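Take a look at the structure set out below.
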Amino acid sequence: MSMIRTENLCKNFGHLKVLKDCSLSIEQGEVVCLIGPSGAGKSTYLRSLNYLEKITEGKLWVEEKLIDDRLNGVNQVKISQAERTEILLEMGMVFQKFNLFPHLTVLQNVMLAPVEIRKMNKKEAEILAKELIKKVGLEDKTDVFPSKLSGGQQQRVAIARALAMQPKMMLFDEPTSALDPELVGEVLQVMKTLAAEGMTMIVVTHEMGFAKEVADRVIFMYEGRILEDSPPEVIFTNPTNERTKSFLQTVLNTY
Amino acid sequence: MKKLFISLGIVVLLALISIPLYLTNPTEADYEAQIPTEFSQLESKKDTIVHMDYKIVSSYFYTKKVTSIRAEQVAFYGIAGKILPADQGITKFLANVLVWLPSLLEGTKITILLTVCSVLTGIFLSVFIALGKMSKIKIISKACSSYIFFFRGTPLLMQLYFIWFGLPAIFPALTIESRFIAAWIAFSLNSGAYCAEIIRAAIQSIDKGQFEAAKALGFGYGKTMSKIVIPQTYKRLIPPLANEFIMVLKDAALTSIIALRDLSKVTSSIMTSTGEVSVFIISMGIYLAITAAFSKLFESLERKFGIYE
């Protein structure tokens with residue numbers, strides 16, 4: 000079953016076309032990495048999947064349910080906002096800049112959404128939250144405010160917070176780009192564990208090593224288009240597209 | 000820490016001085032005995048005895064000394080059973096303080112009550128106005144903008160005049176009986192406009208990422224605001240709101256035009272009836288004391304709300 004499918008997805012910012020006819024299908028349990036130079040539209044694509052960006056044209060299916068079919072920015076599908084929000088809850092999102100809630104402790108950050116949105120009982124939510132915090136290896140930081148944590152720790156809390164909604168898939172928007180190099184590993188480690196547990200993941204990343212090791216498919220985007228979609232062993236050794244080749248050459252040589 | 004010790008020391012010192020004075024508690028007869036003979040001869044002329052049982056200065060005598068030309072007021076005041084003439088300099092000033100203080104404190108009560116009520120009501124109003132101004136619905140946003148434009152663009156004095164004198168003349172149904180309530184309404188509406196801009200600025204200073212994170216977790220607009228954004232604005236709100244509070248405290252003096260007996264009105268009426276300008280010193284001292292107390296309160300609030308940083 001495909002978890003997310005897009006067909007001819009387009010996004011314009013005014014006259015600037017950021018996404019051009021992006022069609023992609025992601026199956027359950029797959030780990031997909033989006034790579035490409037900056038400005039290629041990777042983040043915009045990821046953000047339009049859970050409605051942080053409204054697409055201009057194209058179709059979007061979540062769990063085989065058509066939730067968006069746009070023509071000139073108007074949704075042709077009749078779906079109530081509540082219904083759509085309900086469907087989008089199946090997607091957890093992790094941001095480049097963590098976006099933790101600074102006025103809440105780690106535990107409260109993780110607990111907030113289950114209690115407020117899923118209407119979970121507070122005690123249950125606390126048990127769940129503590130479990131997730133332990134999973135990301137921060138059980139000693141439960142009652143600390145985010146400002147007292149390192150970037151890597153904050154990003155792990157952000158992952159736990161997204162997982163607390165018990166989503167079926169996770170979207171990662173450059174989760175390690177804002178981190179000091181020595182903190183990248185701990186976050187990637189958590190993501191690897193998630194992948195091993197069979198979580199469906201879409202990851203926008205510049206970590207080629209992670210893509211090589213964990214991804215089932217690697218997608219190369221360039222100037223708003225999906226240019227290549229292949230398993231990592233193919234794309235890193237024998238890319239078909241010229242653009243992919245030159246991009247990977249530049250990126251891999253710097254490491 | 001050092002400041003705390005100094006203020007504690009002052010409190011202890013005052014207590015040490017005032018406790019024995021308080022315990023002596025002289026009777027009226029004790030004072031009578033001390034009145035210089037030249038006055039006691041005129042005892043029949045004794046006008047009033049203002050007996051006020053204050054802690055340090057316990058009693059105040061008031062008598063009349065008749066000269067050949069005119070009747071002259073001579074005041075005495077007593078400290079712990081000793082009587083001192085209060086007809087000049089600091090003694091006179093202290094004696095005046097004792098007489099004026101009750102009515103000044105009455106005025107202070109009204110000033111503080113009006114300020115606190117108006118600012119609280121104003122803040123309550125302003126949350127909705129601020130959210131309204133940021134609304135995507137054009138009509139609401141325009142309406143809130145015009146509200147702010149109107150109340151910031153016209154003098155508070157005019158607004159007060161209008162509510163007290165203007166409204167009853169135009170719409171007799173809207174006559175407000177109590178001066179205090181009229182002032183409260185005018186001040187709330189006015190400070191609502193100012194606070195709305197403060198709150199809007201604070202909300203817009205919150206990182207866009209917070210809204211995105213909330214949306215990604217499924218939060219709607221109301222919950223995003225109430226659970227995530229507004230709690231983060233508290234710390235940023237305190238300094239400008241403290242400013243607004245102090246402004247309203249001083250603007251409360253304007254209510255004297257509708258004859259509400261606030262601190263300024265009481266002060267000026269004392270001045271006009273006695274001709275003593277020293278009452279302004281006391282009055283300003285009271286204003287400073289209120290401001291200082293509330294500044295401390297706001298400081299501690301700021302610390303409390305900023306605990307996560």
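Which chain is which? The protein sequence lines are W and Y, in order.
Going by numbering that gives the first Met the number 0, the first sequence opens with residue 0, and the numbers climb by one from there.
Going by numbering that gives the first Met the number 0, the second sequence opens with residue 0, and the numbers climb by one from there.
From the three backbone atoms N, C-alpha and C, an ideal C-beta is built for every residue, glycine too.
In this text, all values refer to a predicted model and were calculated from it rather than measured experimentally.
Put simply, the CB of W:S42 is far from chain Y, with every gap to its CB atoms at 7 Å or more. Going by beta carbons, W:A128 and W:L99 fall outside the 7 Å limit. Taking the beta carbon of W:A159 as reference, no residue of chain Y falls within 7 Å; the closest one sits roughly 12 Å away. Against chain W, the CB of Y:G284 has no partner CB under 7 Å away; the residue lies outside that interface. Membership of W:E6 in the beta strand (DSSP E) is indicated by the continuous run 1-12. In chain order, Q231, Y307 make up the part of chain Y whose C-beta sits under 7 Å from the C-beta of W:P101. By the C-beta criterion, the stretch 22-32 of chain W is judged to be in contact with the stretch 0-9 of chain W, since at least 3 inter-stretch pairs fall below 8 Å. Restricting attention to W:S229, W:E185, W:N11, W:G184, the CA atom closest to the CA of W:L70 is found in W:N11. According to the DSSP secondary-structure assignment, W:D172 is paired through a beta bridge with W:V203. Boundaries of the beta strand (DSSP E) around W:Y221: 216-221. Following the DSSP letters along the chain, one finds W:V31 in no alpha helix (DSSP H) but inside the beta strand (DSSP E) bounded by residues 30-34. Note on the stretch 149-196 of chain W: whole beta strand (DSSP E) runs with a minimum of 3 residues are 168-172, in chain order. Remark: C-beta atoms of W:V76 and W:M200 do not approach each other more closely than 7 Å. At least one CB of chain W lies nearer than 7 Å to the CB of Y:G217. The three-state reading of DSSP puts W:V213 in helix, counting H, G and I together. When C-beta atoms of the stretch 174-184 of chain Y are compared with those of the stretch 104-124 of chain Y, three or more pairs fall below 8 Å, so the two segments count as touching. Taking CB atoms only, Y:A201 has no neighbour in chain W less than 7 Å away.
Distance from the CA atom of Y:L7 to the CA atom of Y:A292, rounded to whole angstroms, is 16 Å. For W:F144, the closest Cβ of chain Y is nearer than 7 Å. Bounds of the beta strand (DSSP E) holding W:D68 are 64-70.
Taking 7 Å as the cut-off, the Cβ atoms of W:M92 and W:L170 count as close. Looking at W:I126, W:P174, W:P101, W:D67, the one whose alpha-carbon comes closest to that of W:K41 is W:P174. Residue-level contact check: W:N98 touches chain Y, since one or more beta carbons of chain Y fall below 7 Å from its beta carbon. In the same chain as Y:L253, and ignoring 5 residues on each side of it, the C-beta atoms closer than 7 Å to its own belong to L155, L156, L159, in chain order. The beta carbon of W:I116 falls within 7 Å of a beta carbon belonging to chain Y, placing the residue at that interface. Apart from the 5 residues on each side of it in sequence, Y:A212 has no Cβ closer than 6 Å to any other Cβ in its chain.
Counted as a single uninterrupted DSSP element, the beta strand (DSSP E) harbouring W:M90 occupies residues 90-93. Legend: CB atoms of the stretch 156-172 of chain Y lying less than 7 Å from CB atoms of chain W are not found in any residue. Interface annotation, W:L127: not in contact with chain Y, CB-CB separation never under 7 Å. Going by beta carbons, W:V250 and W:M198 fall outside the 7 Å limit. Think of a sphere of 7 Å around the beta carbon of W:N49: the chain Y residues whose beta carbon falls inside it are A215, in chain order. By alpha-carbon distance to W:R117, the top candidate from W:F94, W:A81, W:P231, W:P101 is W:A81. The contact set of Y:G221 on chain W, defined by CB atoms closer than 7 Å, is empty, because the minimum CB distance reaches about 11 Å. The C-beta of W:T199 comes no closer than 7 Å to any C-beta of chain Y. Residue state for Y:K222 is assigned as helix, using DSSP reduced to three classes. Y:E301 is the residue among Y:I5, Y:E301, Y:M283 whose C-alpha sits nearest the C-alpha of Y:P230.
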